[in-house]
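Just below is one structure, and these are the notes that go with it.
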Ligand SMILES: [Zn+2]
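In our numbering, the protein residues as written are 108 to 177.
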């Protein structure tokens, strides 16, 4: 027979244990250029800016071609 807990744990004890399991809010830095929330110390994924400087120059996808083909 497997071992069983001798006594049930109280609701308070269960609640205290599960308090740390709760989902934490995502913390990050709002991009100064486009205003998207990014993780700190990371270049903005959307526009490629970091500390008010453009690090990555992204090629803009031409939507006109996609609209014409569809
Ligand atoms: Zn950005």
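From the three backbone atoms N, C-alpha and C, an ideal C-beta is built for every residue, glycine too.
From this set, 123, 142, 146, which residue's C-alpha is nearest residue 132's C-alpha?
If you number the chain shown from 1, residue 132 lands on position 25. Residue 146 is the option with its Cα nearest to residue 132.
9 Å is my cut-off, CB to CB: does residue 160 come that close to chain D?
Absence of chain D from the displayed structure is noted, only one protein chain being present.
I'd like to know whether the C-beta atoms of residue 153 and residue 138 end up nearer to each other than 9 Å.
As a position in the chain shown, residue 153 is number 46, starting the count at 1. As a position in the chain shown, residue 138 is number 31, starting the count at 1. Yes, the Cβ-Cβ distance between residue 153 and residue 138 is below 9 Å.
Would the beta-carbon of residue 150 fall within 9 Å of that of residue 162?
What you label residue 150 is simply residue 43 of the chain shown in a count that begins at 1. What you label residue 162 is simply residue 55 of the chain shown in a count that begins at 1. Result yes, Cβ atoms of residue 150 and residue 162 sit closer than 9 Å.
From residue 155 to residue 148, what distance separates their C-alpha atoms?
For this step, residue 155 is matched to residue 48 along the chain shown. For this step, residue 148 is matched to residue 41 along the chain shown. C-alpha of residue 155 to C-alpha of residue 148: approximately 12 Å in a straight line.
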